[in-house]
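J.: Below are the structure tokens for one structure; questions will follow.
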Amino acid sequence: MGECAKMAPAMRLAKGADAAALADLYRQLTGDERVKVLPARLDSLADGVRAQVLVCECDGELAGTAWLGFCEDAMYGEQPFAVLENVVVHASWRGRGLGTALLREAERRCLARGCSKIMLLSAAGREDAHRLFLRAGFRGDAKLGFVKYRRDMLARDSSST
Numbered sequence: 148m149g150e151c152a153k154m155a156p157a158m159r160l161a162k163g164a165d166a167a168a169l170a171d172l173y174r175q176l177t178g179d180e181r182v183k184v185l186p187a188r189l190d191s192l193a194d195g196v197r198a199q200v201l202v203c204e205c206d207g208e209l210a211g212t213a214w215l216g217f218c219e220d221a222m223y224g225e226q227p228f229a230v231l232e233n234v235v236v237h238a239s240w241r242g243r244g245l246g247t248a249l250l251r252e253a254e255r256r257c258l259a260r261g262c263s264k265i266m267l268l269s270a271a272g273r274e275d276a277h278r279l280f281l282r283a284g285f286r287g288d289a290k291l292g293f294v295k296y297r298r299d300m301l302a303r304d305s306s307s308t
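Per this note's numbering, residue 148 is the first one in the sequence shown, and the count goes up by one each step.
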């Protein structure tokens, strides 16, 4: 692996051709071999209006990614807020500042949109990632996140019939 940290990594929105590399990153994140990234889905998100799949390239290789969603809100006029998910750096590129660079890029894009906040969820056991998020200025004590997966919604639905 080359040295991407000496210069700013290339940041851009994902496109369909990135599907295989993104699937690899998401499998590293989740450990789930069923991950399926569709090129057409990435192309449909490429306008970046409501959501952005950011990618970080180093030496021509897709080294990291983050998903950034923009949510319309009614609380502060027309000011949106953002949700940041699926932040992952390829195992062979970790420890070189790419996660920080992805977080800064997401923050830059949120500021450009006038977002009131960025909310970030992370799996409870990802302690290294949590340290990164805290170093980047995210607070772990401001809110409490909750999640309900599709399988749980389906299980409740089938048990009530």
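Note that the Cβ used here is the ideal one computed from N, Cα and C, for glycine as well.
Considering only their Cβ atoms, is the gap separating residue 238 from residue 156 smaller than 8 Å?
T.: Here the question's residue 156 lines up with position 9 in the sequence shown. Here the question's residue 238 lines up with position 91 in the sequence shown. Going by C-beta atoms, residue 156 is not nearer than 8 Å to residue 238.
J.: What's the C-alpha gap between residue 296 and residue 223?
T.: Counting from 1 along the sequence shown, the entry for residue 296 is found at position 149. Counting from 1 along the sequence shown, the entry for residue 223 is found at position 76. Roughly 29 Å separates the two Cα atoms.
J.: So, are the CB atoms of residue 260 and residue 293 less than 8 Å apart?
T.: Position 113 of the sequence shown, counting from 1, holds the residue named residue 260. Position 146 of the sequence shown, counting from 1, holds the residue named residue 293. No; because the gap between Cβ atoms is not below 8 Å, this pair is not in contact.
J.: Nearest CA to the CA of residue 285: which residue from 164, 176, 231?
T.: Locating residue 285 in the sequence shown gives position 138, counting from the first residue. That would be 231, whose Cα lies nearest to the Cα of residue 285.
J.: Around the C-beta of residue 256, are 16 or more other C-beta atoms found within 10 angstroms, so that it is buried, or is it exposed?
T.: In the sequence shown, residue 256 corresponds to position 109, counting from 1. When all chains shown are included, residue 256 counts as buried.
J.: Can you tell me the Cβ-Cβ gap for residue 170 and residue 184, rounded? I've got them flagged as a contact below 8 Å.
T.: Reading the sequence shown from its first residue, position 23 is the one you call residue 170. Reading the sequence shown from its first residue, position 37 is the one you call residue 184. Sure, about 4 Å apart at Cβ, within 8 Å.
J.: Tell me whether the beta-carbon of residue 205 lies closer than 8 Å to the beta-carbon of residue 228.
T.: Within the sequence shown, the letter at position 58 stands for residue 205. Within the sequence shown, the letter at position 81 stands for residue 228. Going by C-beta atoms, residue 205 is not nearer than 8 Å to residue 228.
J.: May I ask you to report which of helix, strand or coil DSSP gives residue 252?
T.: Taking the sequence shown and counting its residues from 1, one reaches residue 252 at position 105. In the structure shown, residue 252 sits in a helix (DSSP, three-state: H, G or I).
J.: Assuming residue 201 contacts residue 253 under a Cβ cut-off of 8 Å, what Cβ separation, rounded to an integer in Å, is found between them?
T.: Reading the sequence shown from its first residue, position 54 is the one you call residue 201. Reading the sequence shown from its first residue, position 106 is the one you call residue 253. Rounded, the Cβ-Cβ distance is 7 Å, consistent with contact.
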